[in-house]
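One structure below.
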Amino acid sequence: MIARTVSNRREARPEPPVTAAWLERVTTHYLDRYGASSEMLRRVLVRRIERRCRSRDEDPGAHAGLIEETVARAQRAGLVDDARFAAARLRGLRRRGTSTRQAQARLAAKGIDAATIAATLADEREDAAGAEEGKADTEATAARAYARRRRLGPYRRPGTREVNRERDLAAMARAGFSYALARTVIAGEADDVEQEYASEDEASLGGE
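Following the numbering used here, the numbering of the sequence shown begins with 106 at its first residue and continues without gaps.
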C-alpha cells in the first residue's frame with residue numbers, strides 16, 4: 106500500500122517548467138534526427154510545450170514568444186533553412202515520380218510558403234535547362250519515374266499494357282500529371298536503362 110502511494114505521488118508530480126534551455130535541447134535533438142522546415146520545427150515545439158503545460162496546468166499560449174525566439178535562433182544558426190529544405194525535398198519527391206502539382210501541395214504541407222515553393226521550382230527548371238539534352242523536362246522525367254515505380258504502361262508485364270491503358274491513364278491523372286503527358290508516357294517505351302532498372306526491381310519484389 107505504501108509503495109503504491111509513493112508511485113502515485115511520483116506520477117502526479119508535474120514536469121519541470123518550460124525554459125529556453127529546454128527548448129534548445131528539444132530543437133537540437135529533433136534536428137539531429139530530421140531535416141525540417143521552420144514550420145515543422147515550430148509544430149514540434151508547440152506539441153512539446155502543450156504536453157508539458159498539461160502536466161503543470163499552465164497555458165501553453167504563454168510560451169508563444171519563446172517558441173518564435175527558438176525558431177529564429179535555429180534559422181540564424183543555419184540549422185533550419187526553408188529554401189534548402191524545399192530544394193532537397195523536391196529532389197526526393199521527383200525521384201519518386203511526384204508531379205509538380207503534388208510537389209507543391211506536399212511542400213506546402215511541410216510549412217513552406219508559396220514564394221519559396223515558386224522559387225524552388227524556378228531553380229529546378231533553370232538547373233534542368235542546363236542538363237544534358239533529353240533530360241531537361243523535369244515533369245516528364247518525374248512522370249516516367251512514377252510510371253516505372255507503379256509498373257504502368259511500358260513497365261507492365263508483356264501482354265498486359267493495352268487492357269490496362271485507361272486504368273494507367275487514370276492513375277497518372279490522380280498523381281497530378283496532365284493527360285497529354287500521361288498519354289505520352291503510357292504509350293511510350295522504356296529505354297534500355299529504364300528497362301533494366303524495371304527488371305531488377307521486379308526481381309527484387311519477387312515478380313509482383
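All C-beta atoms in this analysis are idealised placements derived from N, C-alpha and C, irrespective of residue type, glycine included.
Member of the options whose CA lies at the smallest distance from the CA of residue i
i: residue 184; options: 204, 229, 146; result: 146
i: residue 215; options: 153, 164, 140; result: 140
i: residue 281; options: 269, 266, 261, 249; result: 249
i: residue 225; options: 207, 134, 193, 203; result: 193
i: residue 150; options: 160, 161, 130; result: 130
i: residue 137; options: 179, 160, 286; result: 179
i: residue 217; options: 195, 279, 287; result: 195
i: residue 158; options: 175, 120, 135, 144; result: 120
i: residue 242; options: 204, 284, 154; result: 204
i: residue 253; options: 201, 177, 143, 161; result: 201
i: residue 269; options: 284, 118, 291; result: 291
Three-state secondary structure assigned by DSSP to residue i
i: residue 201; result: coil
i: residue 223; result: helix
i: residue 232; result: helix
i: residue 120; result: coil
i: residue 217; result: coil
i: residue 273; result: helix
i: residue 257; result: coil
i: residue 91; result: Residue 91 falls outside the range modelled here, since the chain spans only 106 to 313, and no answer is possible.
i: residue 193; result: helix
i: residue 252; result: helix
i: residue 240; result: Only weak support exists for where residue 240 lies, its pLDDT of 48 falling under 50; the value from the coordinates is given anyway. Residue state, collapsed to three classes: coil.
i: residue 247; result: helix
i: residue 292; result: helix
i: residue 280; result: coil
Element boundaries [alpha helix (DSSP H), containing residue i]
i: residue 266; result: No alpha helix (DSSP H) contains residue 266, which DSSP labels as neither H nor E.
Task: In chain order, each alpha helix (DSSP H) run of at least 4 residues that lies wholly inside the stretch 124-189 - done: 125-138, 143-161, 169-181
Open item on the list: Contact between the stretch 205-213 and the stretch 253-266 is defined here as three or more beta-carbon pairs at a separation below 8 Å; is this criterion met?
Closed with: no
Open item on the list: With three or more C-beta pairs closer than 8 Å as the rule, is the stretch 216-236 touching the stretch 184-195?
Closed with: Three or more pairs of CB atoms, one per stretch, sit closer than 8 Å, so the stretch 184-195 contacts the stretch 216-236.
- [ ] Tell me, please, whether the stretch 165-176 touches the stretch 118-128 by the rule of three or more beta-carbon pairs shorter than 8 Å.
- [x] yes
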